[in-house]
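Working notes, structure below.
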Amino acid sequence: MTAESRRERVEEHDSVKVCVRIRPLSSKEKQEQTKSCIRITASMDGLSSSNAKSSRDTSFGQSKEPQQLIVGKDRAFTFDNILGTTTSQSDTYKTCVEPLVQGFLEGYNATVLAYGQTGTGKTHTMAGTGFDARGLEKNGELQGIIPRVSEFIIRSRGCAELILKLFMLLLAISR
């Protein structure tokens with residue numbers, strides 16, 4: 001790796017990246033005929049964009065340009081990646097986490113943080129369904145970020161034996 005390519009690699013990894021995953025409406029919300037109050041746009045000119053898409057559109061997430069999440073009529077928030085309601089666990093991992101893990105294996109620091117109110121899908125995104133300490137789940141599509149990262153690191157090392165220490169912290173405030 002040349003000095004210039006290393007510098008470009010560092011610049012690529014030297015800032016915080018923020019990905020937003022929009023969860024689908026719950027069964028209760030669907031039953032109550034709740035409507036989504038958000039839109040996604042890849043354009044930086046905001047609300048007047050013809051690129052605006054509903055939160056169900058999953059064509060976003062791979063963009064090199066920042067994307068905007070429009071809440072209500074006019075509240076715009078800019079993120080590196082916005083994943084729509086039908087985005088799979090696999091696409092979430094590939095878009096938001098795999099580049100971090102590859103950088104980590106090259107010696108860069110990496111942190112993945114799931115944040116949000118109760119019921120927004122943090123545990124589903126991070127652990128998936130059926131994940132426990134006894135091993136990775138059999139249905140790979142349902143795996144969350146944690147088992148995918150573990151599996152990626154183990155496979156990338158190609159070792160017969162590997163000790164992988166994983167630290168997780170769950171902060172929950174109940175009122």
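For the sequence shown, UniProt numbering gives the first residue as 1, with consecutive numbering after it. For each residue, glycine too, the CB sits at the ideal point set by N, CA and C.
- The region 21-38 and the region 85-94 touch, with no fewer than 3 CB-CB distances between them shorter than 8 Å.
- Only exposed fits K35, as fewer than 16 other CB atoms lie within 10 angstroms of its CB.
- Using a Cβ-Cβ distance cut-off of 8 Å, the region 141-151 and the region 93-106 are in contact, since at least three pairs of beta carbons, one from each stretch, lie closer than that value.
- Spatial neighbours of G72 in its own chain (CB-CB distance under 6 Å, excluding positions within 5 residues in sequence) are listed in chain order as C37.
- Residue pairing for A76: DSSP places it in a beta bridge opposite I70.
- K17 sits close to D80, with the two beta carbons spaced by under 7 Å.
- For R155, the three-state secondary structure derived from DSSP is helix.
- DSSP places I173 in the coil class of the three-state scheme, outside both helix and strand.
- With 16 or more neighbouring CB atoms inside 10 Å of its own CB, L83 falls in the buried class.
- For I40 and Q33, the gap between their C-alpha atoms comes out near 21 Å.
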